[in-house]
Amino acid sequence: MIKFLIFTFIFFSCATKPVLNVEKSIPDWKKLSLEEKIAQMIMVRIRGDFYNIESYARNKIESLIQEQKIGGVITFGGSIHGTYHNIQHYQSLSEIPLLVAADYERGTGQWMRGGTLFPSNMAVVATNNTDFAYMQGSITAKEAKAIGVNVTFSPVMDINNNKDNPIINFRSYGDDPSKVSDYGTSFIKGIQDNGIIACAKHYPGHGNTSVDSHTSLPIISGSYEELMQSEFYPFKRAVEAGVKMIMTGHIALPSIDSSLLPASHSPIITKQILRDDWGYDGLIVTDGLEMGALTKSSWAGESAIRAVEAGSDILLLPINVDKTISSLIDAVNSGRISIDRINQSVERIWNAKIESDLFDSLGFLPWSMVESNINLSENSNVAKTIARESITIVKDKFNYLPLNRRKYSKLSHIHLSKDEDVKQMLSPFSNDIRRTHRNVDEIFVQEEISAYRMKELIEKAGNSNMTIVSMLVRIRMDKGIATIDSTHAEFLKQLNKRNIPFIAISFGSPYLPDYTYIPTYVAAYGYGGVSLRATADALWGRYDVDGVLPVKLSPEHPRGSGKKMRGKLKSFNEADGYDMSKAWAVIDSAIENRIFPGAQVAIVHNGELIENRGFGKYTYDLESKEVSDSSIYDVASLTKVLSTVPVFMKLMSQYKIGLDHEVAQYYPQFNEGNKKDITLKHLLTHSSGLPGYIEFFKDDNINSKQDIINSILKQNLKYLPGEDYEYSDLGIILLGSIIEMVSDQSLESLADRYVYKLLNMTSTMYNPDLTLKDLIVPTEYDSNYRGRLLVGEVHDENAWVMGGVAPHAGLFSTAYDIAIFGQTMSNKGEWMGARYFNDYNIEKFTERQNMPESSDRAIGWDTPSQGGKSSAGDYFSNSSYGHLGFTGTSFWIDPENDIVVVLLTNRVHPTRKNKGIYGIRRAFHTEVMKEILNQSESMGLN
Numbered sequence: 000m001i002k003f004l005i006f007t008f009i010f011f012s013c014a015t016k017p018v019l020n021v022e023k024s025i026p027d028w029k030k031l032s033l034e035e036k037i038a039q040m041i042m043v044r045i046r047g048d049f050y051n052i053e054s055y056a057r058n059k060i061e062s063l064i065q066e067q068k069i070g071g072v073i074t075f076g077g078s079i080h081g082t083y084h085n086i087q088h089y090q091s092l093s094e095i096p097l098l099v100a101a102d103y104e105r106g107t108g109q110w111m112r113g114g115t116l117f118p119s120n121m122a123v124v125a126t127n128n129t130d131f132a133y134m135q136g137s138i139t140a141k142e143a144k145a146i147g148v149n150v151t152f153s154p155v156m157d158i159n160n161n162k163d164n165p166i167i168n169f170r171s172y173g174d175d176p177s178k179v180s181d182y183g184t185s186f187i188k189g190i191q192d193n194g195i196i197a198c199a200k201h202y203p204g205h206g207n208t209s210v211d212s213h214t215s216l217p218i219i220s221g222s223y224e225e226l227m228q229s230e231f232y233p234f235k236r237a238v239e240a241g242v243k244m245i246m247t248g249h250i251a252l253p254s255i256d257s258s259l260l261p262a263s264h265s266p267i268i269t270k271q272i273l274r275d276d277w278g279y280d281g282l283i284v285t286d287g288l289e290m291g292a293l294t295k296s297s298w299a300g301e302s303a304i305r306a307v308e309a310g311s312d313i314l315l316l317p318i319n320v321d322k323t324i325s326s327l328i329d330a331v332n333s334g335r336i337s338i339d340r341i342n343q344s345v346e347r348i349w350n351a352k353i354e355s356d357l358f359d360s361l362g363f364l365p366w367s368m369v370e371s372n373i374n375l376s377e378n379s380n381v382a383k384t385i386a387r388e389s390i391t392i393v394k395d396k397f398n399y400l401p402l403n404r405r406k407y408s409k410l411s412h413i414h415l416s417k418d419e420d421v422k423q424m425l426s427p428f429s430n431d432i433r434r435t436h437r438n439v440d441e442i443f444v445q446e447e448i449s450a451y452r453m454k455e456l457i458e459k460a461g462n463s464n465m466t467i468v469s470m471l472v473r474i475r476m477d478k479g480i481a482t483i484d485s486t487h488a489e490f491l492k493q494l495n496k497r498n499i500p501f502i503a504i505s506f507g508s509p510y511l512p513d514y515t516y517i518p519t520y521v522a523a524y525g526y527g528g529v530s531l532r533a534t535a536d537a538l539w540g541r542y543d544v545d546g547v548l549p550v551k552l553s554p555e556h557p558r559g560s561g562k563k564m565r566g567k568l569k570s571f572n573e574a575d576g577y578d579m580s581k582a583w584a585v586i587d588s589a590i591e592n593r594i595f596p597g598a599q600v601a602i603v604h605n606g607e608l609i610e611n612r613g614f615g616k617y618t619y620d621l622e623s624k625e626v627s628d629s630s631i632y633d634v635a636s637l638t639k640v641l642s643t644v645p646v647f648m649k650l651m652s653q654y655k656i657g658l659d660h661e662v663a664q665y666y667p668q669f670n671e672g673n674k675k676d677i678t679l680k681h682l683l684t685h686s687s688g689l690p691g692y693i694e695f696f697k698d699d700n701i702n703s704k705q706d707i708i709n710s711i712l713k714q715n716l717k718y719l720p721g722e723d724y725e726y727s728d729l730g731i732i733l734l735g736s737i738i739e740m741v742s743d744q745s746l747e748s749l750a751d752r753y754v755y756k757l758l759n760m761t762s763t764m765y766n767p768d769l770t771l772k773d774l775i776v777p778t779e780y781d782s783n784y785r786g787r788l789l790v791g792e793v794h795d796e797n798a799w800v801m802g803g804v805a806p807h808a809g810l811f812s813t814a815y816d817i818a819i820f821g822q823t824m825s826n827k828g829e830w831m832g833a834r835y836f837n838d839y840n841i842e843k844f845t846e847r848q849n850m851p852e853s854s855d856r857a858i859g860w861d862t863p864s865q866g867g868k869s870s871a872g873d874y875f876s877n878s879s880y881g882h883l884g885f886t887g888t889s890f891w892i893d894p895e896n897d898i899v900v901v902l903l904t905n906r907v908h909p910t911r912k913n914k915g916i917y918g919i920r921r922a923f924h925t926e927v928m929k930e931i932l933n934q935s936e937s938m939g940l941n
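Quick note on numbering that gives the first Met the number 0: the sequence shown kicks off at 0 and runs consecutively.
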């Protein structure tokens, strides 16, 4: 009861105080009874799930803690809340604070939903960077400590020098003793530098076997000298590095101990070598005593006695705690085990609890520790980086990677696995493939492939342009597999025999029966979400791939090998072979005739950049800077399609807004007369009936965005909604306010989040910083209103009153950035292998709406006007769409021919009275399109 009150005091006090130091006298372990001492050596399983008060498991654990007074627990599964609550609950019941352990080989997320999940150890070595092992250890320790875990049973220090190993495999740092040692000791340092006990396992090495010790006893061959240079080596290094705990494996080594006792029962392997020869005085814990390698040769009581005789301090997961304790008591009383031997273990356990501050804190931690240390973005970013740098292209004979969505119009995605959960396990990868490509035939094969099924699968693969084969081999106890099924391997062989192009990807074990018949092979070394997403990113070329093999797969694919792949450029490949001299002559003529002092263009065809360059100067001043491809322009009304429209599409995909929503739903002032019929679609097609433009900035009573919106709400309609068309800034301004209303965020932050950051449009922004002033092309000398040359402040006066952030104007950008957005639109929402916008929405928004019949308007966009009058010239296809800006900007997209053309000018400099931009636009676009289409025809591209 007293301890419970202390717990309550500490717990609630810590709600306001980050840490509470309670000075406690440390009890003397020597005063414990023999039974209590032995109980301190026992560690049992708990879960992070919810237990109700009637739960048998909960009541059993409570009894073991309160009555038997066991010394520790190991937590598995559950959530952050459940794990934290259960640990705190059990600590509150224990008179002596519990050691709390967990199997956090891949971070806390391995056994706790919401914790950081890292890639496998093999994946970490594939990065070729030991710093990642330290970082993983550091993050794991901080998260574990916050949740109340003070021991992690990691790292795995086994050398995976047997490709048929069904239980270690990618859990190992590889097949090289030095690599395993380097990465393992880095992880240990990361763990122990942050106050958690690391545990190297499974001494003396579980790698060179095809037997799973969960079911049977593995026997490791090799002479004493050979074993010391291989299996034992990483553990010796761990001891030298100061590891505080070592887990013994249930593994027999006949050349070391001819009795064939497993290491966990062998005094020669454990006490003589580890304790006496190496001088190790840290904690030794057994692997689970419930495992088949032990239970087949000894019953629970005898198994525990043998483990203590061998030198173990902690008995992990004994089958029967009562029998374990009573058997050890009998062994001491009979003289088989000395009381000094028990005391040695208890003293080590006690010192570990002291070092873990358990007697000061009583094991209790404030919830604020969890909130400030777990599920942090910086932690997941480290895991993401490790995953990305680990992906290894083992081979890519025909350079299929990165996968080109346009080149392969139809994909087959075939999943090969005997695992019943393959669909769920690989869903992050599968979802990305479907979302990015949109034309994918997905097939799951979870059984041996019959002759009939083989024929069917080959036919399906043959009907696609490319087949992705995802192979899942999970490393789990009692499964006994380390590679794919033989019929699955035969299927790959048949694909190759029939020259059907395919990419094979292993999630989990990287070992395959053969590699010669696989044209492209990618190894991910795991199936955690972070590795699945990194693999998808690699497949589409979203980043550079530099991973190297941590193991030898074959003579052709040795350890350290791997094909490097440069990801697709952050934007475009460059095209050549086009002669744009006639288009450039149009620009030069306009500059000479003072229609504008300079211009910037970007032209893209089939995803390749034909040209991105500047012309002329910023102003007509002889000393003015020359326009370059990095010069930044006020793009005026291009803001509507670069900001407002894509944000609207995003919110529509999230069901937060809809085209058919009436404005009256958001503004009751419209719930009268004909205004009640105005929809958001009317605003986007400029057919609402609202006036086109009002000089609000001249009204002394209007000084803010809200003042402008209030005035718009009072305006009378010029025509009935949908019956006519008038290009209206007012409608778009009103729409922008609705976007901010439903999202509770500014349009600026939404556009930055949903468009510019995602597409790496680094030069696109509202209200550019003054540090960019030298890059910004001036617009007008505003003699009537602001009395200055406008550089870096929005040209549109109403937008200026609105603070520079407006849905109709205010954006600054470059032709290059706009071309990126244009190519994303031409790709139906996909860019650099990732999907950012719904393709259905893009098709819907870019179709001419005929609201009314005479209007060329799409939803938010313009389309080329008919009858030879369009500023887009005469060659853009009927599926084209674009927009113009008052400052002299234009932006056109032809998805049918996959062409994007951006022309930015400052034709309003020094005054908006400059004329002639319409003719220049028409002539420029005509010459550009003629050249591209002619070249495409001659090269057979169209």
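Every residue, glycine too, gets a C-beta built ideally from N, C-alpha and C.
Valine 899 (DSSP reduced to helix, strand or coil): The answer is strand: DSSP assigns valine 899 an E or B state.
Can you tell which of Val646, Thr151, Met801, Glu104 has the C-alpha that lies nearest to the C-alpha of glycine 71? The candidate whose alpha carbon is nearest that of glycine 71 is Thr151.
Range of the contiguous beta strand (DSSP E) that encloses tryptophan 891: Residue range 888-893 is occupied by the beta strand (DSSP E) that includes tryptophan 891.
Just to confirm the assignment: which complete alpha helix (DSSP H) runs, minimum length 4, are found wholly within the segment 304-369? Runs of the alpha helix (DSSP H) inside the segment 304-369: 320-333, 338-354, 357-360.
Can you tell me where the beta strand (DSSP E) with leucine 282 in it begins and where it stops? For leucine 282, the enclosing beta strand (DSSP E) has its first and last residue at 282-285.
Which same chain residues end up closer than 6 Å to valine 148 when comparing Cβ atoms and leaving out the 5 residues on each side of it in sequence? Excluding residues within five positions, the ones whose Cβ falls inside 6 Å are Val99, Ala101.
Separation of leucine 746 from valine 646, as counted between CA atoms: In this model, valine 646 and leucine 746 are separated by some 8 Å (Cα to Cα).
Taking the straight line between their C-alpha atoms, what separation do you get for aspartate 659 and leucine 679? Aspartate 659 and leucine 679: Cα-Cα distance of roughly 6 Å.
Which residue's Cα is closest to the Cα of leucine 749: Leu637, Gly721, Thr643, Phe811? Of Leu637, Gly721, Thr643, Phe811, the residue nearest in Cα terms is Thr643.
According to DSSP, simplified to helix, strand and coil, what is cysteine 13? For cysteine 13, the pLDDT reaches just 39, beneath the cut-off of 50, and the residue's location in the model is therefore unreliable, although a value from the coordinates is still provided. In the structure shown, cysteine 13 sits in coil (DSSP, three-state: anything other than H, G, I, E or B).
Which of helix, strand or coil does DSSP assign to asparagine 20? The predicted model places asparagine 20 with a pLDDT of 44, which falls under 50 and marks its position as unreliable; any figure quoted below should be read in that light. Note: asparagine 20 maps to coil in three-state DSSP.
Please determine, among Val640, Tyr619, Thr684, the residue with the shortest C-alpha to C-alpha distance to histidine 807. Of the residues Val640, Tyr619, Thr684, the one whose Cα lies closest to the Cα of histidine 807 is Val640.
On a Cα-Cα basis, can you pick out the residue from Tyr666, Tyr451, Ser812 that is closest to methionine 740? Nearest in C-alpha terms to methionine 740, of all of Tyr666, Tyr451, Ser812, is Tyr666.
CA-CA distance, histidine 924 and valine 381? In a straight line, the C-alpha of histidine 924 is about 47 Å away from that of valine 381.
Residues near valine 439 in its chain [Cβ-Cβ closer than 7 Å; skip 5 each side]: Non-local beta-carbon contacts of valine 439 in its own chain, meaning distances under 7 Å to residues more than five positions away in sequence, involve Leu410, His412, Ile432, Arg433 in chain order.
Can you list, in chain order, the residues of its chain whose CB lies under 7 Å from that of phenylalanine 428, leaving out five sequence neighbours each side? A distance below 7 Å between beta-carbons, with the five flanking residues on each side excluded, links phenylalanine 428 to the following residues of its chain, in chain order: Ser469, Leu531, Thr534, Ala535.
Which stretch, first to last residue, makes up the alpha helix (DSSP H) that contains isoleucine 711? Taken as a continuous stretch (DSSP letters only), the alpha helix (DSSP H) holding isoleucine 711 covers 704-713.
Collapsed DSSP secondary structure at histidine 487 in the structure displayed: Looking at histidine 487 - three-state DSSP - the assignment turns out to be helix.
Taking the alpha helix (DSSP H) that alanine 122 belongs to, which residues open and close that run? Where alanine 122 is concerned, the enclosing alpha helix (DSSP H) starts and stops at 120-125.
What separation, rounded to the nearest whole angstrom, lies between the Cα atoms of arginine 164 and glycine 206? In the sequence under discussion, the amino acid at residue 164 is asparagine, which differs from the arginine named in the question. C-alpha separation (whole angstroms): 7 Å.
Excluding five sequence neighbours on each side, which residues of the same chain lie with their C-beta closer than 6 Å to the C-beta of isoleucine 737? Taken in chain order, the residues that qualify are Tyr665.
What residues in its chain sit with their C-beta under 6 Å from that of glycine 915, if we drop five residues either side in the sequence? Close CB contacts of glycine 915 within its chain, under the 6 Å cut and outside five residues either way in sequence, are with Ile594 (chain order).
Are phenylalanine 844 and methionine 648 touching if we call contact CB-CB under 8 Å? Contact flag set, yes.
Span of the alpha helix (DSSP H) around asparagine 58: For asparagine 58, the enclosing alpha helix (DSSP H) starts and ends at 55-62.
Buried or exposed: tryptophan 298, going by 16 or more other Cβ atoms within 10 Å of its Cβ? Residue environment analysis places tryptophan 298 among the exposed positions, since fewer than 16 neighbouring C-beta atoms fall within 10 angstroms of its C-beta.
Going by beta carbon distance, what residues of the same chain come within less than 7 Å of tyrosine 520, once the five residues before and after it are set aside? Val393, Lys394, Ala503, Tyr514, listed in sequence order.
Nearest neighbour of lysine 827, chosen from Glu895, Ser426, Ile336 [CA to CA]: When C-alpha distances from lysine 827 are compared across Glu895, Ser426, Ile336, the shortest belongs to Glu895.
Contact check, proline 373 vs glycine 113, beta carbons under 8 Å: What sits at residue 373 in the sequence shown is isoleucine, not proline. Against a cut-off of 8 Å, the Cβ pair of glycine 113 and isoleucine 373 comes out as a contact.
Determine the direct distance from the alpha carbon of isoleucine 708 to that of isoleucine 732, and round the result to whole angstroms. Within the model, the alpha-carbon separation for isoleucine 732 versus isoleucine 708 is close to 7 Å.
When the Cβ atoms of the segment 788-806 are set against those of the segment 717-726, are three or more pairs found closer than 8 Å? No: fewer than three Cβ pairs fall under 8 Å.
According to DSSP, is isoleucine 392 helix, strand or coil? Isoleucine 392: strand per DSSP, three-state reduction.
Rounded Cβ spacing between proline 512 and proline 500 (contact assumed at less than 8 Å): That pair is no contact at about 21 Å.
What three-state label does DSSP hand leucine 716 in the structure shown? Reduced to three states, the DSSP call for leucine 716 is coil.
I want to check one thing, is the minimum distance from the CB of glycine 362 to the heavy atoms of the ligand GDP below 7 Å? Ligands displayed in this structure: none; no statement on the ligand GDP is therefore possible.
List the endpoints of the continuous beta strand (DSSP E) containing methionine 246. Taken as a continuous stretch (DSSP letters only), the beta strand (DSSP E) holding methionine 246 covers 244-247.
At the level of alpha carbons, what is the spacing between glutamine 67 and leucine 316? Glutamine 67 and leucine 316 have their C-alpha atoms spaced approximately 15 Å apart.
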